[in-house]
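Numbering (my numbering), first residue to last: 129 to 522.
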C-alpha cells in the first residue's frame with residue numbers, strides 16, 4: 129500500500145497541503161488558549177470554590193459578634209507561630225477568613241487562616257494552595273522562574289492578540305452576524321456538525337463583549353510586562369520613612385510590628401470611605417506599611433487605592449488613588465480587575481464565571497470544528513492507493 133498526495137494540479141495541491149499543515153500547527157495554540165481560558169474561568173471564583181471545599185477558610189460567625197481588631201488577628205498568629213515573621217494580612221472577601229502570610233523556618237510563604245470574629249487560627253497552608261496553583265497555571269503555565277523572568281508569562285499574555293484577531297476575522301466571515309441576536313438558532317437534532325457550528329456562533333456573539341475585555345486586557349498584560357522589563361515603573365516606588373523616625377540600630381533593635389488598627393484609621397482619614405483588603409507590612413526599617421483597598425464600588429477592584437502609613441508614627445506618607453493616576457496607571461489598575469471580574473463582589477464573579485465558561489466552550493467548539501475539517505482535508509490529500517497500480521497499468 130502506498131500513499132498518494134492528491135494534488136489536483138501541482139500548484140493547487142501544494143496550496144492545499146500547506147493549508148492542512150498550517151491547520152495542524154495552529155491547533156496547539158488553540159488548545160493552549162482553551163487551557164488558559166478554563167483556568168481563568170475557575171480563577172474568577174477560586175476563593176468561593178475554596179469556601180465550599182475547605183471549612184478553614186470560612187469566616188463563620190455563629191454568635192453574630194463584631195469582627196475583632198486587626199491587632200488581635202495578628203497577635204493570634206504570632207502566638208500560634210512565635211518563630212514566624214508576619215509579612216501580610218489579607219481578607220479577599222467578607223465571608224472569608226483572614227489570610228495572614230507568615231514566614232516560617234521551613235515554609236517562607238505559609239498562610240494562616242484566622243477567623244475574623246473569634247481570632248482562632250483555623251488552618252495553615254504552606255504551599256500555593258488551590259488559588260495559588262490556578263493562578264500560576266493560568267498566568268505562567270507553571271514554568272520555572274529565572275530571576276524575574278518567566279517564559280510562560282510571555283506566552284500566556286501573547287495569547288490576547290490571536291484572541292483579538294479571531295474576533296475580527298470571525299465577524300468578517302460570519303455573514304449577517306446580528307441574526308445571532310435577532311434569530312438565535314441552536315440545532316440539537318441535526319448532527320454534531322450543525323450543533324457545534326450553531327453553538328460556536330451563538331456563544332461567540334452573545335459573549336462578544338466579554339471576549340473583547342479578556343483579549344484586550346490580556347494583550348495589555350504583555351505590553352505592561354515589556355514596560356516592566358525595560359526598567360520603567362508604571363507605579364513609582366513607595367516613599368521611604370524619614371531617617372529621624374527610624375530607631376537607631378543596635379542589639380536591642382527589633383522589627384517593628386505596626387499598629388494595624390491605627391494604620392487603617394489613618395488611611396481612612398486620608399481617603400474617605402477607604403476599605404482595606406490587604407496590608408503589606410514593612411520589609412525594612414525604612415519601609416511604610418502599604419494598605420490596599422477601595423472606597424466603595426470601583427472598577428479598579430479591591431486594590432485600586434493604596435495608602436502608605438509610617439509604622440513608627442502612624443502618619444500617612446503617601447497615597448495612590450484613581451483620581452490622581454496617570455493614563456498609564458489607570459490602564460494598569462483598571463484592566464486586571466476587569467480581566468477577572470474582581471470589582472463587583474460575588475455578582476460580577478459569577479457573571480465572569482458564566483461568560484468564561486461560554487468562551488471556553490467557543491474555543492472548544494472551534495477546536496472540534498477545525499480538527500474535523502483539517503482531518504478530512506488530510507485524508508483527502510493523503511489517499512492510500514495500490515502500490516502495484518503503475519505496474520499493472522504497464
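Even glycine gets a Cβ: it sits at the ideal position worked out from N, Cα and C.
Among 498, 496, 412, 471, which residue has its Cα nearest to the Cα of residue 371? 412
According to the neighbour-count rule (16 or more other Cβ atoms, all chains shown, within 10 Å of its Cβ), is residue 173 buried or exposed? buried
Look at the alpha carbon of residue 445 and the alpha carbon of residue 452, and state the distance between them as a whole number of angstroms. 15 angstroms
Within 10 Å of its beta-carbon, does residue 387 have 16 or more other beta-carbons around it, so buried, or fewer, so exposed? buried
Quick check: what's the CA-CA separation for residue 158 versus residue 326? 19 angstroms
DSSP state of residue 445, grouped into three classes? strand
Give me the DSSP bridge partner(s) of residue 421. 404, 433
Going straight from the alpha carbon of residue 201 to that of residue 193, what length do you get? 15 angstroms
Three-state secondary structure (DSSP) at residue 349? helix
Span of the alpha helix (DSSP H), counted from its first residue to its last, around residue 192: Taken as a continuous stretch (DSSP letters only), residue 192 belongs to no alpha helix (DSSP H), as it is neither H nor E.
Check the Cβ-Cβ distances between residue 191 and every residue of chain C, and say whether any is below 8 angstroms. Going by chain labels, chain C is absent from the structure shown, which holds only one protein chain.
Taking the continuous alpha helix (DSSP H) assigned at residue 227, which residues delimit it? No alpha helix (DSSP H) holds residue 227; the beta strand (DSSP E) holding it covers 226-232.
Contact the segment 351-358 vs the segment 422-439: 3+ CB pairs below 8 angstroms: no
Among the candidates 363, 443, 330, whose CA atom is the shortest distance from the CA of residue 397? 443
Specify the secondary structure class of residue 380 as computed by DSSP and reduced to three states. With a pLDDT of 47 at residue 380, under the threshold of 50, the modelled position of this residue cannot be trusted; read the value that follows with caution. Looking at residue 380 - three-state DSSP - the assignment turns out to be coil, as it is neither helix nor strand.
Using 8 angstroms as the threshold, is the C-beta distance between residue 185 and residue 198 below it? no
Could you check if residue 509 is buried or exposed, using at least 16 other CB atoms within 10 Å of its CB as the buried criterion? buried
Between the CA atoms of residue 232 and residue 502 - distance to the nearest angstrom: 54 angstroms
Only counting the same chain, and skipping five residues up and downstream in sequence, which positions put a Cβ closer than 6 angstroms to that of residue 504? none
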